[in-house]
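**Q**
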Amino acid sequence: MENETSKIVPILPVPYSRSRQAGEAQDMLDHIVEDFQDNPQSMQYFYDLFRSVYCHGDEVKHEGKLVGTTCIHAPEELIYAFGATPVRLCNGSYHYDQKGADFMPAKSCSLVKATLGMLNSDNVIPKIGKPDLIVNPTTCDQKKKSSVMMEGMGYSVYDLELPNVKESEAARVYWQRSVRQFAVRLRELTGKKLTRKNLQAAMAKTSRAQVAFRKLHNFRLKSPSLILGKDAFLVTNAYFFDDIERWTDAVEKLNEELAQREQSGFKAVQSKAPRVLFTGSPPIFPNLKLPLLIEEAGGVVVTDETCSSNRMLYDMTAVDEWLVHDMVDSLADKYLKPCTCPIFTRNDDRIRRLLDLVKSYGVDGVVYQAFAGCQVYEMEYRSVADAFNKAGIAMLYVETDYSVDDKGQLSTRIEAFLESLKNRKKHKG
Ligand code: SF4
Ligand code: SF4
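Residue 6 is where the sequence shown starts when you use this note's numbering, and the numbers rise one by one after that.
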């Protein structure tokens with residue numbers, strides 16, 4: 006007869022690949038890969054990368070010290086110049102959003118809740134290891150207040166002080182000084198010196214990546230489109246954590262394939278598919294809910310004005326003098342002046358950029374995403390809507406978060422919006 010102890014079955018930990026966050030990533034990837042035809046072959050690199058990192062929980066390797074960044078305002082060239090590796094911590098997982106909701110105010114934005122939820126978790130995905138330093142630019146209030154919370158979780162945090170306005174000379178000087186102080190902190194962290202040579206090499210590395218991105222961006226001018234927006238967002242999201250050289254090689258390969266598609270007259274969508282500009286709170290994997298809903302409903306996201314894509318990679322550094330001091334100042338300028346994030350007091354540049362994108366990309370309509378709880382995007386909606394109204398451009402404003410609960414309702418709104426764009430196009434035609 007069996008004794009009592011032989012009946013005890015040990016509880017084994019659930020392997021990561023069967024966890025909720027892996028399931029969430031898996032669903033999104035299946036959707037991106039399997040529900041669309043004619044995916045570019047070179048996208049396989051990115052599909053495999055996301056499966057490995059987000060679905061299997063494979064480790065992301067890096068060189069030197071690891072510096073986590075919480076926003077695009079942290080100058081990554083400086084981090085590379087000190088032999089460290091930057092990784093962007095902004096997170097798009099609903100699983101971590103819920104973890105963050107346990108200790109954050111209910112009305113916080115999903116992006117901030119998910120980022121803090123991830124950092125507070127035993128199982129940080131992407132599996133990057135504990136950052137040696139987190140640099141937190143003082144942008145929106147929620148990001149600012151995150152510094153102390155991250156410190157409370159045991160991280161070493163550096164507040165990179167960003168001015169609230171970007172037009173004045175005083176703001177420029179203030180920011181240049183902040184960036185120089187950041188370089189001092191990186192020197193303390195790495196024990197290395199900032200030289201013209203290592204800064205130049207770091208700038209060459211990021212500018213090679215940016216050139217590849219710009220080329221991809223230019224292929225999206227083509228109508229009918231050669232590539233869908235869901236793939237473009239996946240590519241730029243990989244930049245958050247992938248090795249920069251490997252990422253650039255993969256984008257260059259994708260560009261070669263797009264050049265072939267262009268030559269052969271390939272169409273990734275029907276000629277009448279409405280061309281959409283995406284703006285607002287950034288789509289971050291696995292929360293690519295809205296771009297996917299647009300493309301499932303027959304639209305195509307041809308360009309964007311978000312900090313997980315275009316705003317992150319488009320603007321290049323203009324250096325006048327190749328001396329360390331001047332190079333750092335030029336870098337600082339690149340991270341302040343062209344940025345169109347609504348955290349700045351005045352942001353007319355954003356409207357100018359949006360109108361430019363509409364014109365150059367032959368955009369039929371705009372989708373504006375605002376994460377619930379993000380006051381700056383919510384407040385700036387009005388001035389953006391007025392500008393588009395005046396220009397006769399249709400815009401759909403969507404307040405949402407990382408949950409899938411509103412998918413049905415959003416899908417109906419998006420279908421109706423795209424239908425109205427098609428009708429407009431027909432009448433114009
Ligand atoms: S939305 Fe603005 S403040 Fe937030 S991460 Fe993006 S650029 Fe930074
Ligand atoms: S979406 Fe809004 S609240 Fe969230 S990080 Fe960006 S600016 Fe801050």
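The beta carbon of each residue, even a glycine, is placed where N, CA and C say it ideally should be. These numbers come from a predicted model, not from an experiment.
1) So, with DSSP's three-state summary, where would you put THR90?
2) Considering only the beta carbon of each residue, do ILE419 and ILE232 sit closer than 9 Å?
3) Less than 8 Å between the CB of PRO144 and some heavy atom of ligand 2, yes or no?
4) What's the call for LEU328, buried or exposed, on a 16-neighbour Cβ count within 10 Å?
5) Whole angstroms are fine: how far does the CA of GLU257 sit from the CA of ASP43?
6) Across the stretch 100–118 and the stretch 34–54, are there enough close Cβ pairs to call them in contact, namely three or more that are closer than 8 Å?
7) DSSP puts GLY73 in a beta bridge; with which residues?
8) Skipping 5 residues on each side, what residues in its chain have a beta carbon closer than 8 Å to that of GLY69?
9) For the alpha helix (DSSP H) that contains TYR402, what are its first and last residues?
10) Span of the beta strand (DSSP E) holding GLU310?
11) Would you mind reading off the limits of the beta strand (DSSP E) that contains VAL372?
12) Classify LYS277 as helix, strand or coil using the three-state DSSP reduction.
13) Going by the CB atoms, is the gap between TYR382 and SER435 shorter than 9 Å?
14) State the Cα-Cα distance for the pair CYS76 and ASN141, rounded to the nearest angstrom.
15) Considering only residues of the same chain and omitting the five flanking positions on each side of ILE348, which have a CB-CB separation below 6 Å?
16) Which ranges would you report for the alpha helix (DSSP H) in the stretch 94–140 if only whole runs of at least 4 residues count?
17) Closer than 6 Å between the C-beta and any heavy atom of ligand 2: which residues qualify, listed along the chain?
18) In whole angstroms, give me the CA-to-CA distance for THR488 and CYS379.
19) So, at 7 Å on beta carbons, what are the nonlocal neighbours of THR253 in its own chain, with the 5 sequence-adjacent residues on each side left out?
20) Give me the Cα-Cα distance between PHE41 and SER230, rounded to the nearest whole angstrom.
21) Since LEU167 sits in a beta bridge, which residues does DSSP pair it with?
22) Report yes if the CB atom of TYR402 is closer than 9 Å to the CB atom of ALA390, and no otherwise.
23) Sort out for me which residues DSSP pairs VAL162 with in a bridge.
24) When you measure from the CB of ILE77 to every non-hydrogen atom of ligand 1, does any distance come out below 8 Å?
25) Contact between the stretch 160–172 and the stretch 97–114 is defined here as three or more beta-carbon pairs at a separation below 8 Å; is this criterion met?
26) Please state whether DSSP places GLY285 in a helix, a strand or coil.
27) Please name the residue, chosen from VAL72, ARG225, LYS220 and ARG358, that lies closest to PHE271 on a Cα-to-Cα basis.
28) Suppose the cutoff is 8 Å on Cβ atoms and the five residues either side in sequence are ignored; what does the same chain contact list for LEU17 look like?
29) Tell me which residues share the same chain as SER151 and place their Cβ nearer than 8 Å to its Cβ, disregarding the 5 neighbours each side in the sequence.
30) For ligand 1, is there any heavy atom lying closer than 8 Å to the beta carbon of ARG355?
31) Is it the case that the Cβ atoms of LEU199 and LEU83 are separated by a distance below 9 Å?
32) So which of TYR21, PRO20, GLU39 and VAL58 has the shortest CA-CA distance to TYR244?
33) Measuring CB to CB, does LEU239 end up less than 9 Å from PHE290?
**A** So, to answer that:
1) Stepping through the sequence shown from its first residue, residue 90 is reached at position 85. In this structure, THR90 counts as strand in the three-state DSSP scheme.
2) Counting from 1 along the sequence shown, the entry for residue 419 is found at position 414. Counting from 1 along the sequence shown, the entry for residue 232 is found at position 227. Cβ atoms of ILE419 and ILE232: not closer than 9 Å.
3) For the purposes of this step, residue 144 is taken as residue 139 along the sequence shown, with counting starting at 1. It is Thr, not Pro, that sits at residue 144 in the sequence shown. Yes; taking the cut-off as 8 Å, the Cβ of THR144 has a heavy atom of ligand 2 nearer than that.
4) Working through the sequence shown from its first residue, we reach residue 328 at position 323. Looking at its Cβ environment, which holds fewer than 16 other Cβ atoms inside 10 Å, LEU328 is exposed.
5) Within the sequence shown, numbered from 1, the residue matching residue 43 stands at position 38. Within the sequence shown, numbered from 1, the residue matching residue 257 stands at position 252. Roughly 19 Å between the two C-alpha positions.
6) no
7) The residue labelled residue 73 in the question sits at position 68 within the sequence shown. Bridge partners of GLY73: VAL92 and ILE139.
8) In the sequence shown, counting from the first residue as 1, residue 69 sits at position 64. Correct list, in chain order: PHE87, GLY88, ALA89, THR90 and THR195.
9) For the purposes of this step, residue 402 is taken as residue 397 along the sequence shown, with counting starting at 1. It is not in any alpha helix (DSSP H) - TYR402 instead sits in the beta strand (DSSP E) that spans 399–405.
10) Position 305 of the sequence shown, counting from 1, holds the residue named residue 310. Counting along the chain, the beta strand (DSSP E) containing GLU310 begins and ends at 305–310.
11) Position 367 of the sequence shown, counting from 1, holds the residue named residue 372. Where VAL372 is concerned, the enclosing beta strand (DSSP E) stretches over 370–376.
12) Position 272 of the sequence shown, counted from the start, is the residue given in the question as residue 277. Of the three classes helix, strand and coil, the one that applies to LYS277 here is coil, per DSSP.
13) With the chain running from 6 to 434 in the structure shown, residue 435 is simply not present.
14) For the purposes of this step, residue 76 is identified with residue 71 of the sequence shown, where counting begins at 1. For the purposes of this step, residue 141 is identified with residue 136 of the sequence shown, where counting begins at 1. Between CYS76 and ASN141, the C-alpha separation is close to 7 Å.
15) Looking up residue 348 in the sequence shown gives position 343. Closer than 6 Å at the Cβ level, and outside the excluded window around ILE348, lie THR144, CYS145 and VAL381.
16) 99–106 and 115–124
17) CYS114, LEU116, VAL117, CYS145, GLN147, LYS148, SER286, ILE348, PHE376, CYS379, VAL381 and TYR382
18) Any property of residue 488 remains undetermined from this structure, which presents the chain solely from 6 to 434.
19) In the sequence shown, the residue the question calls residue 253 occupies position 248. Excluding sequence neighbours, THR253 sits near ARG213, ALA214 and ALA217.
20) For the purposes of this step, residue 41 is taken as the residue at position 36 of the sequence shown. For the purposes of this step, residue 230 is taken as the residue at position 225 of the sequence shown. Cα to Cα, PHE41 sits roughly 14 Å from SER230.
21) Sequence index remark: in the sequence shown, residue 167 carries index 162 (1-based). The partner list for LEU167 (beta bridge, DSSP) is empty, contrary to what the question assumes.
22) Start at 1 with the first residue of the sequence shown, and residue 402 comes out as number 397. Start at 1 with the first residue of the sequence shown, and residue 390 comes out as number 385. Going by C-beta atoms, TYR402 is nearer than 9 Å to ALA390.
23) Locating residue 162 in the sequence shown gives position 157, where the first residue counts as 1. VAL162 is bridged to ILE139.
24) As a working mapping, residue 77 is identified with position 72 in the sequence shown. Flag set: Cβ of ILE77 near ligand 1.
25) no
26) Walking along the sequence shown from the start, residue 285 turns up at place 280. Looking at GLY285 - three-state DSSP - the assignment turns out to be strand.
27) Mapped onto the sequence shown, residue 271 falls at position 266. The candidate whose alpha carbon is nearest that of PHE271 is ARG225.
28) For this step, residue 17 is matched to residue 12 along the sequence shown. Same-chain partners within the cutoff: there are none.
29) Numbered from its first residue, the sequence shown carries residue 151 at position 146. THR75, VAL117, THR120, LEU121 and ASN141.
30) Residue numbering aside, residue 355 sits at position 350 when the sequence shown is read from its first letter. Flag unset: Cβ of ARG355 not near ligand 1.
31) The residue given as residue 199 occupies position 194 in the sequence shown. The residue given as residue 83 occupies position 78 in the sequence shown. Taking 9 Å as the Cβ cut-off, LEU199 and LEU83 qualify as a contacting pair.
32) Locating residue 244 in the sequence shown gives position 239, counting from the first residue. The option with the nearest alpha carbon to TYR244 is VAL58.
33) As a first step, residue 239 must be located in the sequence shown, where it is residue number 234. As a first step, residue 290 must be located in the sequence shown, where it is residue number 285. Yes. Within cutoff.
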